RNA sequence: GGCGGCAUAGCCAAGUGGCUAAGGCAGUGGUCUGCAAAACCAUUAUUCCCCAGUUCAACUCUGGGUGCCGCCUCCA
């Protein structure tokens with residue numbers, strides 16, 4: 079408590095007291111849960127306009143599965159949340175194209191590693207686009223950064239953080255006092271050697287991790303080796319991410335993200351490499367998405383419960399449904415996958431789609447007196463929910479709440495042109511964050527348009543035979559017409575509309 | 001064994017020290033409808049895993065249980 083000599087009048091009228099309040103009210107503060115601090119903290123980027131952001135990408139040896147999709151959709155949500163805040167986002171996502179898996183895969187198929195990984199990377203890029211992801215600025219491949227990795231390894235040896243033994247280079251965690259800070263592992267209580275065959279590794283301590291691995295005989299035969307002062311080697315996993323982010327995003331990036339199971343050892347090791355090298359933390363904010371579970375277990379090859387994006391498509395689910403299903407759960411909560419749940423998401427998405435479709439088709443009429451009173455809470459709740467560690471459930475709740483209130487208004491055709499415009503603009507703003515709604519009218523080709531009109535005329539004169547004949551004709555052209563209170567609505571019978579992304583009709 | 005996370009209706013899921021515990025799916029009842037298919041509206045938790053404690057008041061805070069998930073050095 080401060081008591082001013084003049085009762086505070088002079089001070090209370092200064093900028094200090096008058097200017098601040100409206101500013102902070104208008105723009106609520108973006109908060110993220112930071113793994114380093116174990117709590118939600120206000121997001122403070124290093125630069126006020128630019129944000130550097132990295133997501134651990136896929137290993138190019140398998141088809142995209144739903145577990146990958148979740149990770150990357152969360153990364154996309156972070157990307158969009160930052161972009162909506164006006165930041166210029168430098169988003170980097172890598173390909174791990176040189177590791178145990180890709181080498182083994184290439185050997186199995188008698189291909190070079192590059193030939194083996196290329197189709198997987200291409201397929202992955204296509205899948206990400208299909209899922210509505212905003213493009214990263216670049217997707218570096220680990221194999222392009224080996225020189226940098228060798229340099230980092232050498233530098234770490236010179237600095238005393240790493241050592242060479244029998245042709246491999248290891249990071250000496252006993253030299254790095256901060257080791258374990260990110261993942262909060264207690265090194266004294268760790269069960270080392272439980273899941274790794276210690277006989278395979280010549281390390282001073284079982285806790286040390288590999289920076290560069292001595293190339294095996296088979297790798298040497300395949301040409302998978304790089305010359306270093308200590309012999310022919312190839313990089314280990316942890317140094318790859320470190321080398322790529324240091325090359326593109328500088329010593330410290332704003333946000334590093336991946337799924338939770340990567341905190342230890344991967345992120346701990348990545349950070350140890352970078353901090354030992356530069357003296358600075360690799361990232362200021364560490365965000366981790368939770369796992370995707372099938373029957374209560376993490377989706378993984380080990381649990382043999384992998385469901386690929388292709389599997390889900392084969393069951394007739396569109397990319398938009400997959401996106402909606404993965405997106406509508408909070409990123410720090412595990413998702414239990416099942417086709418029944420995916421179906422529930424599809425039905426829910428249909429309600430949203432139906433609303434958008436009706437709104438777009440609505441012929442403007444008289445103004446509705448209360449619609450603005452519904453729009454403001456939607457905008458406020460949605461954006462403050464998203465600012466609060468991306469509380470998507472609350473945000474979507476406010477959207478569905480809005481739909482519930484506005485549906486009866488649409489049924490009565492009670493919106494004027496301005497109101498319709500405001501609502502659409504508002505929805506577009508929300509959609510910039512979630513990219514779920516279809517807010518563009520699908521252009522009808524004149525022939526189809528003519529047939530729909532022809533059928534309406536037949537129906538008006540109760541010529542049911544003719545009306546049904548035209549409907550059949552339309553169906554042959556892949557168009558399914560449904561009659562609603564406000565007129566016919568049409569959609570494509572197969573696949574997804576390329577023009578607007580509308581779902582295929584569910585015919586049961 | 002160590003560390004971390006989670007527990008709210010049949011299912012998914014927000015949320016708060018006291019105001020009607022959001023929203024979605026499924027169910028039930030209704031409206032609309034030539035047919036078809038939807039859609040739309042209404043309704044569904046005296047209660048928030050269990051046991052203690054703090055408090056005038058707890059689902060929300062504290063302590064102790066129980067259950068589930070992840071990680072503990074190379075599957076990412």
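Numbering (this note's numbering), first residue to last: 79 to 586. Beta carbons: idealized from backbone N, C-alpha and C, even for Gly. These numbers come from a predicted model, not from an experiment.
In the three-state reduction of the DSSP assignment, residue 257 falls in the coil class, being assigned neither a helical nor a strand state. Going by beta carbons, residue 322 and residue 360 fall outside the 8 Å limit.
Counting every other CB atom within 10 Å of its CB across the protein chains shown gives residue 354 a total of 16 or more, marking it as buried. A direct Cα-to-Cα measurement between residue 498 and residue 442 gives close to 7 Å. In terms of Cβ geometry, residue 171 and residue 153 form a close pair [threshold 8 Å].
The Cβ atoms of residue 311 and residue 238 lie no closer than 8 Å to each other.
For residue 383, the closest alpha carbon among the candidates 451, 456, 340, 143 is that of 143.
Positions of the beta strand (DSSP E) runs, each at least 3 residues long and wholly inside the region 151-175, are given as 166-171 in order along the chain. Linking residue 508 to residue 133 through their CA atoms gives a straight-line distance of about 24 Å. Beta-bridge pairing by DSSP links residue 337 to 367. Listed in chain order, the alpha helix (DSSP H) runs fully inside the region 511-543 are 524-538, counting runs of at least 4 residues.
If you draw a straight line from the Cα of residue 202 to the Cα of residue 141, it is about 8 Å long.
The beta carbon of residue 117 sits closer than 8 Å to those of 111, all from its chain and outside the five residues before and after it, given in chain order.
DSSP, read as helix, strand or coil, puts residue 442 in coil.
Residue 301 is classed as exposed because its beta carbon has fewer than 16 other beta carbons within 10 Å across all chains shown. In this structure, the beta-carbon distance from residue 215 to residue 169 falls below 8 Å. Residue 208 places its beta carbon 8 Å or farther from that of residue 173. Beta-bridge pairing by DSSP links residue 129 to 167. Rounded to whole angstroms, the Cβ separation of residue 453 and residue 501 is 6 Å, and the two are in contact under 8 Å.
Of 179, 411, 318, 425, the smallest CA-CA separation from residue 396 is found for 425. Note: residue 248 is bridge-paired with 241, 288 in the DSSP secondary-structure output. Cβ contact annotation for residue 466 (same chain, cutoff 7 Å, sequence separation greater than five): 109, in chain order. Selection 126, 437, 206 evaluated against residue 503 yields 437 as nearest (Cα-Cα).
Taken through DSSP and simplified to helix, strand or coil, residue 549 comes out as helix.
In the displayed model, residue 142 falls within coil according to three-state DSSP, outside both helix and strand. When beta bridges are read from the DSSP output, residue 111 appears opposite 118. Spatial neighbours of residue 444 in its own chain (CB-CB distance under 7 Å, excluding positions within 5 residues in sequence) are listed in chain order as 492, 494. Taking C-beta atoms as the reference points, residue 346 and residue 261 count as a pair closer than 8 Å. For residue 361, the three-state secondary structure derived from DSSP is strand.
Residue 524 has its alpha-carbon roughly 47 Å from the corresponding atom of residue 127.
Annotated as proximal: residue 377 and residue 145, with beta-carbon spacing under 8 Å. Under a 10 Å Cβ-count criterion, residue 255 is classified as exposed, with fewer than 16 other Cβ atoms of the shown protein chains found around its own Cβ.
The Cβ-Cβ distance between residue 227 and residue 290 falls below 8 Å. In the DSSP assignment, residue 566 forms a beta bridge with 561.
Rounded to whole angstroms, the Cβ separation of residue 281 and residue 248 is 5 Å, and the two are in contact under 8 Å. Bridge pairing for residue 372: 375, 415 [DSSP].
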